[in-house]
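Enquirer: Okay, so the sequence shown: first residue is 1280 according to our numbering, each after it adds one.
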Amino acid sequence: MKIVFAGTPEFAVSSLRAAARHHEVVAVYTQPDRPAGRGRGLMPSPVKLEAIARGIPVYQPENLKTPEAQQQLRDLQPDLMVVVAYGLILP
1280 MKIVFAGTPE
1290 FAVSSLRAAA
1300 RHHEVVAVYT
1310 QPDRPAGRGR
1320 GLMPSPVKLE
1330 AIARGIPVYQ
1340 PENLKTPEAQ
1350 QQLRDLQPDL
1360 MVVVAYGLIL
1370 P
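Written as structure tokens, this is what we have:
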């Protein structure tokens, strides 16, 4: 089954691992990198780091309401989208 996974915090990483273990995760959607720490450098989300480690393409749109973002998701042709603590409103 082709899955698109959407999640951001550490809480969602175990769900991504389980999905990837049993299915083809064709893409991961996560929130854009945010400034963190004293230097306010951009920090990737835990889900992004896990996706990169697994070689899964990562998408980080500011929102999914734009026609471009929605078309990008449709082009992936997933059978299912799994959402775990993504943090953005889905249209």
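Just so you know, even glycine gets a beta-carbon here, dropped at the ideal spot from N, CA and C. Since the model is a prediction, treat every value here as computed from it, not as a measurement.
1) Taking the beta carbon of Glu-1341 as the centre, do at least 16 other beta carbons fall within 10 Å, making it buried, or is it exposed?
2) Determine whether the beta carbon atoms of Ala-1348 and Thr-1287 lie at a separation below 8 angstroms.
3) Provide the residue(s) that pair with Lys-1327 in DSSP beta bridges, ordered along the chain.
4) Let me know the secondary structure DSSP gives Ala-1285 once reduced to three states.
5) What residue from Phe-1290, Thr-1309, Phe-1284, Arg-1313 has the CA that sits closest to Ala-1299's CA?
Expert: From the atom records:
1) Against the sequence shown, residue 1341 aligns to sequence position 62. Classification of Glu-1341: exposed, given that the 10 Å Cβ count is below 16.
2) To locate residue 1348, count along the sequence shown from 1; it is residue 69. To locate residue 1287, count along the sequence shown from 1; it is residue 8. No, Cβ-Cβ distance for Ala-1348 and Thr-1287 is not below 8 angstroms.
3) Looking up residue 1327 in the sequence shown gives position 48. In the DSSP assignment, Lys-1327 is bridged to no other residue.
4) Here residue 1285 is taken as the residue at index 6 of the sequence shown, counted from 1. Correct three-state label for Ala-1285: strand.
5) Position 20 of the sequence shown holds residue 1299. Among Phe-1290, Thr-1309, Phe-1284, Arg-1313, the Cα nearest to that of Ala-1299 belongs to Phe-1284.
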